[in-house]
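With this note's numbering, letter number 41 in the sequence shown gets 43, and the count goes up by one each step, no holes. C-beta: ideal position from N, C-alpha, C; glycine also. From a predicted model like this one, the values you see are computed outputs, not experimental measurements. Working notes, beginning with the structure itself.
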Amino acid sequence: MLRKLEKAEQKWGGSNTLIDQWLNNRRNLLINYCQIAGIPPYEVTDKSLPAFASVKQFCDQLMDYVSEGHFEIYNQVVTACEKNGHSSQELAQQLVPQISETTDTALDFNDKYTEADDEKVLFHLDKDLSSLGHAMETRFALEDKLLEVLHSKHS
Numbered sequence: 003m004l005r006k007l008e009k010a011e012q013k014w015g016g017s018n019t020l021i022d023q024w025l026n027n028r029r030n031l032l033i034n035y036c037q038i039a040g041i042p043p044y045e046v047t048d049k050s051l052p053a054f055a056s057v058k059q060f061c062d063q064l065m066d067y068v069s070e071g072h073f074e075i076y077n078q079v080v081t082a083c084e085k086n087g088h089s090s091q092e093l094a095q096q097l098v099p100q101i102s103e104t105t106d107t108a109l110d111f112n113d114k115y116t117e118a119d120d121e122k123v124l125f126h127l128d129k130d131l132s133s134l135g136h137a138m139e140t141r142f143a144l145e146d147k148l149l150e151v152l153h154s155k156h157s
């Protein structure tokens with residue numbers, strides 16, 4: 003996912019402040035995800051679970067990213083697409099509901115780890131991070147299609 007992000011930053015970075023903000027927030031989210039998951043270059047040598055507080059902090063960041071998309075960025079992209087013709091508008095209206103489907107996985111992950119009182123919930127973290135990672139990858143691919151429209155029509 004980080005390599006795809008780097009390609010997106012190379013392709014669209016610097017052309018629009020909205021795009022730059024979006025990609026920067028995605029980068030921060032992915033770095034934190036890799037740290038929590040112990041994915042290189044953040045692998046953990048002692049095979050320990052991450053700190054419960056770190057997981058909750060990641061959940062906050064995940065919710066910020068999801069919320070920013072739904073309540074700020076997607077609306078701006080759809081509005082911009084409406085001004086730029088029927089095909090752009092159709093694509094945006096098609097992609098946003100597909101992106102919303104990935105939100106459920108993020109919300110479930112957040113609820114499970116922020117509402118937990120016991121650190122034993124971390125024993126499920128690897129499986130849950132894997133599911134979340136798949137949803138994030140799908141989400142980012144769909145968001146990149148929106149970025150392409152925003153970049154090509156509005157930069």
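Whole-angstrom C-beta distance between residue j and residue i, which should lie under 8 angstroms
i, j, result
"Phe54", "Leu124", "6 angstroms"
"Leu2", "Leu109", "This structure does not reach residue 2, given that the chain is present from 3 up to 157, and the question cannot be answered."
"Ile41", "Leu149", "That pair is no contact at about 24 angstroms."
"Val68", "Thr105", "6 angstroms"
"Thr107", "Leu64", "That pair is no contact at about 10 angstroms."
"Asp130", "Phe142", "About 18 angstroms; that fails the 8 angstroms criterion."
"Ala39", "Asp146", "The pair is not a contact, with the Cβ atoms about 22 angstroms apart (cut-off 8 angstroms)."
"Glu70", "Asn18", "With a Cβ gap of about 15 angstroms, Glu70 and Asn18 do not count as contacting."
Proximity test, Cβ basis, 8 angstroms: residue i and chain C
i, result
"Gln23", "Among the chains of the structure shown, chain C does not appear; only one protein chain is present."
Backbone secondary structure at residue i - three-state DSSP
i, result
"Ile41", "coil"
"Pro52", "coil"
"Gly135", "helix"
"Gly16", "coil"
"Met65", "helix"
Endpoints, the alpha helix (DSSP H) within which residue i is located
i, result
"Phe125", "That residue, Phe125, is in no alpha helix (DSSP H); it is neither H nor E in DSSP."
"Ala88", "According to the sequence displayed, residue 88 carries His and not Ala. Unbroken alpha helix (DSSP H) run through His88: His88 to Thr116."
### Message
Count Cβ pairs between the segment 23 to 40 and the segment 90 to 110 that sit closer than 8 angstroms; are there 3 or more?
### Response
Because the criterion of three Cβ pairs below 8 angstroms is not met, the segment 23 to 40 and the segment 90 to 110 do not touch.
### Query
Counting pairs of beta carbons, one from the segment 49 to 57 and one from the segment 74 to 84, are three or more of them closer than 8 angstroms?
Verdict: no, contact absent.
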